[in-house]
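So the protein sequences, as listed, match chains X and H.
For the first sequence, the working numbering gives the first residue as 50, with consecutive numbering after it.
For the second sequence, the working numbering gives the first residue as 50, with consecutive numbering after it.
Backbone N, C-alpha and C define an ideal beta-carbon position, used for all residues, glycine too.
There are 2 protein chains.
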Amino acid sequence: MHSVQFTAETTSGGVLERDFTVGGIPGVLWSPAPTSERAPLVLMGHGGGTHKKWPAMPGRAHRIVHGCGFHVACIDAPGHGGRPRTPYDEQEIAALYRAREAGEPEGPIVVRYNADLAERAVPEWQATLDALQGLPEIGADGPVGYYGLNMATAIGVPLTAAEPRITAAVFGLHWPDALAAPAGRITVPVQFHLQWDDEHIPREAGLALFDAFASAEKTLHANAGRHKEHPRFEADSAARFFARHLTRSVPAPAVN
Amino acid sequence: MHSVQFTAETTSGGVLERDFTVGGIPGVLWSPAPTSERAPLVLMGHGGGTHKKWPAMPGRAHRIVHGCGFHVACIDAPGHGGRPRTPYDEQEIAALYRAREAGEPEGPIVVRYNADLAERAVPEWQATLDALQGLPEIGADGPVGYYGLNMATAIGVPLTAAEPRITAAVFGLHWPDALAAPAGRITVPVQFHLQWDDEHIPREAGLALFDAFASAEKTLHANAGRHKEHPRFEADSAARFFARHLTRSVPAPAVN
C-alpha cells in the first residue's frame, strides 16, 4: 500500500491546504487548521478539462471545511492537471474540440471518454483513500463522502458503487448511458444536481440518471439555467448534505 | 381596510406567537421575541384538511423565526380550522372521502375543490397582508415571501401571480391543471418541492408544474418517497431560500 507523501503546505482563512502524492498521483488535502481531532473525509473530483486546484475546487472545499469541520481531498484525474496524457486522451480531446467547433453534440464523445477515464480513475481513488485513512486525523473507520459533478460524476458513480467506505455522495450534470447500471447498485444517500435548461444533457437524460439510483434517500436539485449556470449556492447544499450524513457516526478519536 | 386584532399571546423558545383576526379571518403570527426591529414576513399556508396550528405549521414557523429572524403568518383557509364549511365544502369533502374509500384517484377532486378554495382565499390573504403591513414590526415596504405545499400551493400560486408584494415563494406537491397558467405569470424566485414516488401526483405532472414557472431563478427539490414522506429537512431548505431572497433589501426600520 502506498502512503501519503506531503509535498507542500499553506494555511489560509483557517484552512490547512497540503499538496500530496499517493503512488505518483498528485492530490491536495484541505483540513480545519489546526487539525487535531479526527474528522470525516469528503473525496472531491474535478470536472473535465480542469484540475485539483481549479477555483471551484478550493471554493467548495473551504465551504465544507468551514461548514462541517471535515477534511476534503481532490486528486488530478488521468490526463488532467499535472498528469500526462496518453495518445488515446489526445485523440478524444481532439474529437471533443472538433465537435464543439462544428456545433455537433458533445454528449457521445464525453460519455465514451469519461467511461474510459473512470476505469483508470477508480483504482487511483481507492489507493488514495487507503493512504488517506492511514493519517491519524482521518483514520481507517471514519465516515467518507464523495462529491463530484460532470466528469467527476462519471468517475464517482462507479467508484461509489464499488466502494463500501463511501456512505453519502453528491453527483450531477451527466448523461445516464454508462452510469445507470452502477447507479442502480448505489444505496447510500445521494444528492443529485441537474440544470433544467442544460444545452448538452437532455432534461430526460438527467432525470433518468437521478431515477436510476437505488438509494432510499435521494434528493434532486434541479435549477433553471444552462449547463455552466449551476448556481454557487448548491455548494452549500452539498456541504449541508454531508454534514447531515457524515457526522452521526464519527468514531471516537484514536489516542494521538 | 381591516386592521389586525390580537386575541392571544404566548412566548415559547424565543418565539412570540400571537393569535389574531383580520376581518373575521383567524390567523397566527410568529415573531422573534422580543420583537423590536422591523423584519421580513413569510405568509405560510396550511395543507388540505388541517389548520393554522397543525403541528407542521408552528414547526416550520419556528425554523424561519430562529433561522432568519423573520415574521411568519398563517391564516385558516376557507372551511378549515375555526371557519365554517359551506354546503359546497361539505359536498367536495364527502366526494374526496368516497374516492379514498373506493381507492379511486383523489386528483380530479382535489384539483377542482382547491381551485374553488383559492378563489375565496386569495382576497383573504391580500386583506391579511394589508393589515399585517400596518404593524410597525412588519411595515408597508418590507420583503414578503409565501410558503405553502399541497392545498397551500393551489392557493399560493394564484396569490403570488396576483400579488407584486410577494418576491419569493416556496411551493410543491400539487397538480399543474389549474396552476400552470398563473405559474406562467410568476417571475420571482421559486423553490418547488416534489415527491419522486408520489402515489397521488404523477411525476410528470409535478415536473410540468415546476416547468411552468416563468421565474429565471427556480429550483426543484425532488425527494425519493411517497406523498406524505416529504422530508423534514426541506423545511430548512425553505428557510435558507427565504434568508437568501428576503434579506437583501430589508428597509431601514422606521422610527419606533
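{"Check": "Using only the alpha-carbon positions, how far apart do glutamate 141 of chain H and valine 114 of chain X sit?", "Outcome": "53 Å"}
{"Check": "Per DSSP, what kind of secondary structure is isoleucine 215 of chain H in: helix, strand or coil?", "Outcome": "strand"}
{"Check": "Is histidine 100 of chain X closer than 7 Å to aspartate 125 of chain X when the C-beta atoms are compared?", "Outcome": "yes"}
{"Check": "Evaluate contact between the segment 91-100 of chain X and the segment 191-203 of chain X, counting only Cβ atoms and requiring at least three cross-stretch pairs below 8 Å.", "Outcome": "yes"}
{"Check": "Sorted by chain position, which residues of the same chain lie with C-beta nearer than 7 Å to threonine 135 of chain H's C-beta, five sequence neighbours on each side aside?", "Outcome": "Gly128"}
{"Check": "Please report whether the beta-carbon of threonine 268 of chain H lies at a distance below 7 Å from any beta-carbon of chain X.", "Outcome": "yes"}
{"Check": "If you check the beta carbons only, do phenylalanine 241 of chain X and leucine 269 of chain X fall under 7 Å apart?", "Outcome": "yes"}
{"Check": "Kindly indicate which residue of H:Glu253, H:Leu295, H:Trp245, H:Ala176 has the alpha-carbon position closest to the one of valine 239 of chain H.", "Outcome": "H:Leu295"}
{"Check": "Among X:Pro133, X:Ser264, X:Phe220, X:Glu278, which one has its Cα closest to the Cα of aspartate 247 of chain X?", "Outcome": "X:Glu278"}
{"Check": "What's the call for methionine 106 of chain X, buried or exposed, on a 16-neighbour Cβ count within 10 Å?", "Outcome": "buried"}
{"Check": "Quick one: does alanine 263 of chain X have its CB under 7 Å from some CB of chain H?", "Outcome": "no"}
{"Check": "To the nearest angstrom, how far is it from the Cα of leucine 228 of chain H to the Cα of tryptophan 224 of chain X?", "Outcome": "31 Å"}
{"Check": "If you follow the alpha helix (DSSP H) that glutamate 141 of chain X is part of, which residue opens it and which one closes it?", "Outcome": "136-151"}
{"Check": "Quick check on DSSP: helix, strand or coil for glutamine 240 of chain X?", "Outcome": "strand"}
{"Check": "Do tryptophan 103 of chain H and histidine 95 of chain H come within 7 Å of each other at the CB atom, strictly closer than that value?", "Outcome": "yes"}
{"Check": "Give me, in chain order, the residues of the same chain whose beta-carbon lies closer than 6 Å to that of alanine 292 of chain H; leave out the 5 immediate sequence neighbours on both sides.", "Outcome": "Cys117"}
{"Check": "Where does glutamate 168 of chain X fall in DSSP's three states?", "Outcome": "helix"}
{"Check": "In the DSSP assignment, what are the bridge partners of phenylalanine 220 of chain H?", "Outcome": "H:Phe241"}
{"Check": "Does leucine 295 of chain X come out as helix, strand or coil in the three-state DSSP assignment?", "Outcome": "helix"}
{"Check": "Could you check what DSSP says for alanine 69 of chain X in three-state terms: helix, strand or coil?", "Outcome": "Per the sequence shown, residue 69 of chain X should be read as phenylalanine rather than alanine. Phenylalanine 69 of chain X falls in the strand class under three-state DSSP."}
{"Check": "By a C-beta neighbour count over all protein chains shown, 10 Å radius and 16 as the cutoff for buried, is serine 80 of chain X buried or exposed?", "Outcome": "buried"}
{"Check": "Over what stretch of residues does the beta strand (DSSP E) that includes glutamate 253 of chain H continue unbroken?", "Outcome": "Looking at the DSSP string, glutamate 253 of chain H is not in any beta strand (DSSP E); the run it does join, the alpha helix (DSSP H), is 252-261."}
{"Check": "Leaving out five residues on either side along the sequence, give the residues of the same chain with a beta carbon under 8 Å from the beta carbon of glycine 76 of chain X.", "Outcome": "Asp68, Phe69, Thr70, Lys101, Ala122, Cys123, Ile124, Asp125, Thr177"}
{"Check": "Nearest by alpha-carbon distance to alanine 189 of chain X: which of X:Ala88, X:Gln54, X:Ala273 is it?", "Outcome": "X:Ala88"}
{"Check": "Among H:Trp174, H:Asn272, H:Glu212, which one has its Cα closest to the Cα of valine 237 of chain H?", "Outcome": "H:Glu212"}
{"Check": "Cβ closer than 9 Å: which chain H residues qualify as neighbours of asparagine 199 of chain X?", "Outcome": "What asparagine 199 of chain X touches in chain H: nothing, since even the nearest Cβ is about 19 Å away."}
{"Check": "With a cut-off of 7 Å, does the C-beta of alanine 271 of chain H fall near any C-beta of chain X?", "Outcome": "yes"}
{"Check": "Whole angstroms is fine: what's the gap from aspartate 226 of chain H's alpha carbon to arginine 234 of chain X's?", "Outcome": "36 Å"}
{"Check": "For tryptophan 26 of chain H, name the three-state secondary structure that DSSP assigns.", "Outcome": "Missing from the structure shown is residue 26 of chain H; chain H here goes from 50 to 305 and no further."}
{"Check": "Please compile the residues from chain X whose C-beta is within a distance smaller than 8 Å of the C-beta of arginine 308 of chain H.", "Outcome": "A question about residue 308 of chain H goes unanswered here, because the residues of chain H that appear run from 50 up to 305."}
{"Check": "Excluding sequence positions up to five away, which residues of its chain have a Cβ less than 6 Å from the Cβ of glutamate 173 of chain X?", "Outcome": "Ile74"}
{"Check": "Can you find the residues in the same chain that come closer than 8 Å, C-beta to C-beta, to proline 83 of chain H, ignoring five residues on each side of it along the sequence?", "Outcome": "Leu65"}
{"Check": "Compute the distance between the beta-carbons of valine 206 of chain X and alanine 164 of chain X, then report whether it is under 7 Å.", "Outcome": "no"}
{"Check": "Taking only the alpha-carbon atoms, compute the straight-line gap between valine 53 of chain X and alanine 271 of chain X and give it to the nearest angstrom.", "Outcome": "37 Å"}
{"Check": "Where DSSP assigns a beta bridge to glutamate 58 of chain H, which residues make up the other side?", "Outcome": "H:Arg67"}
{"Check": "Who pairs with valine 193 of chain H in a beta bridge, going by DSSP?", "Outcome": "H:Leu90, H:Ile215"}
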